[in-house]
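In the numbering used here, the protein residues as written are 50 to 339.
Where a beta carbon is used, it is the ideal one built from N, C-alpha and C, also for glycine.
Take a look at the structure set out below.
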């Protein structure tokens, strides 16, 4: 039987975490899905470990190319009409696939739906969910515009998303030039053409610091900055023919200003001029500024 849903789990050197993600996917009902784990050239034995599990999953190995290329490989090999994503250090909660599928079935004009999400920091669940931590209007949740993508903490995370496979025919696959922000760029691209859907119930867990090599760690801050600059350049290039609106120009100017402030803040932290606590406080002020 052809599965209705293809669950794509990209992984790279996460042998110690990936089974949690897989098990959370295998526990979903109904059993109308396939699980595709894409090993992005791991060097820690992840691929061999996955094969040894003898679980009802498809394991694909590819040369290392980044999470965008791993997700794209999963999409290209998917059999389902719907594609859903789960990062290999995150987990789903029971009912996520059914809730997403039911939503898309009742909203045929919407190609993407995402759920609220719990957030864990160092193994402890934060009091506020992703939606609660960054309140947004219905318009902001259903229209992922440039300001939402750059100036705010996005309410959308890959591990909470389900999309109709056909949407990739319209907007293309994940941009493999981006090593970070590739998901943000994709949601932004889809939102330029379609309304997005969302489910208020938290049905996945984003485990922020579960992986000590996670790209949100301090040593990767400059990479986040450089990739953010690349994202803005790509956005401007994509919108060049249509022309930027006044609001888009304002957002781009403000984004570049904040990126410059963050770079200066990183300089201060790396030189020891400010503490990590002060860095986080001032970083939060930059992001929360209206």
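Mark residue i as exposed unless 16 or more other C-beta atoms lie within 10 angstroms of its C-beta, in which case mark it buried.
i           : result
residue 246 : buried
residue 156 : exposed
residue 252 : buried
residue 70  : buried
residue 343 : The chain is shown only over 50 to 339; residue 343 falls outside these bounds and no answer can be derived.
residue 206 : buried
residue 113 : exposed
residue 262 : Per-residue confidence for residue 262 stands at a pLDDT of 48, beneath the threshold of 50, marking its modelled position as unreliable; the derived number appears in the next sentence. Classification for residue 262: exposed.
residue 299 : exposed
Here's a check: name, in chain order, each residue in its chain whose Cβ is nearer than 8 angstroms to the Cβ of residue i, leaving out the five neighbours to either side.
i           : result
residue 118 : 89, 111, 223 and 225
By DSSP, does residue i sit in helix, in strand, or in coil?
i           : result
residue 55  : strand
residue 215 : coil
residue 228 : coil
residue 251 : strand
residue 164 : strand
residue 236 : helix
residue 220 : helix
Beta carbon of residue i: closer than 7 angstroms to some heavy atom of the ligand MG?
i           : result
residue 321 : Here there are no bound small molecules, and the ligand MG is not part of this structure.
What distance in whole Å lies between the Cβ atoms of residue j and residue i, which are believed to be in contact at a cut-off of 8 angstroms?
i           : j           : result
residue 220 : residue 238 : 5 angstroms
residue 209 : residue 178 : Going by Cβ atoms, the distance from residue 209 to residue 178 rounds to 11 angstroms, so no, they are not a contact pair.
residue 81  : residue 53  : 4 angstroms
residue 159 : residue 297 : Not quite, the Cβ-Cβ distance comes to about 24 angstroms (not below 8 angstroms), so this is no contact.
residue 332 : residue 311 : 7 angstroms
Cutting at 6 angstroms between CB atoms, please list the residues of its own chain near residue i, excluding the five before and the five after it.
i           : result
residue 115 : 228
residue 280 : 230 and 234
residue 93  : 62 and 64
residue 121 : 222 and 223
residue 87  : 59, 109, 119, 122 and 123
Residues in the same chain with beta-carbon distance under 7 angstroms from residue i, minus the five sequence neighbours each way, listed in chain order, please.
i           : result
residue 152 : 162, 246 and 248
residue 270 : 315
residue 260 : Note on residue 260: pLDDT 49, under 50, position unreliable in the model; no value is reported.
residue 217 : 124
residue 328 : 314 and 318
Can we say the stretch 126-140 touches the stretch 97-106, given the rule of at least three CB pairs closer than 8 angstroms?
Segments in contact, no.
Is there contact here, the stretch 59-79 with the stretch 91-98, by at least three beta-carbon pairs under 8 angstroms?
Because the criterion of three Cβ pairs below 8 angstroms is met, the stretch 59-79 and the stretch 91-98 touch.
Can you confirm whether the stretch 164-173 touches the stretch 229-238 when touching is taken to mean that 3 or more C-beta pairs between the two stretches lie within less than 8 angstroms?
No: the two stretches stay apart, fewer than three of their Cβ pairs being nearer than 8 angstroms.
Three or more C-beta pairs under 8 angstroms: does that hold for the stretch 133-147 against the stretch 176-186?
Touching, no.
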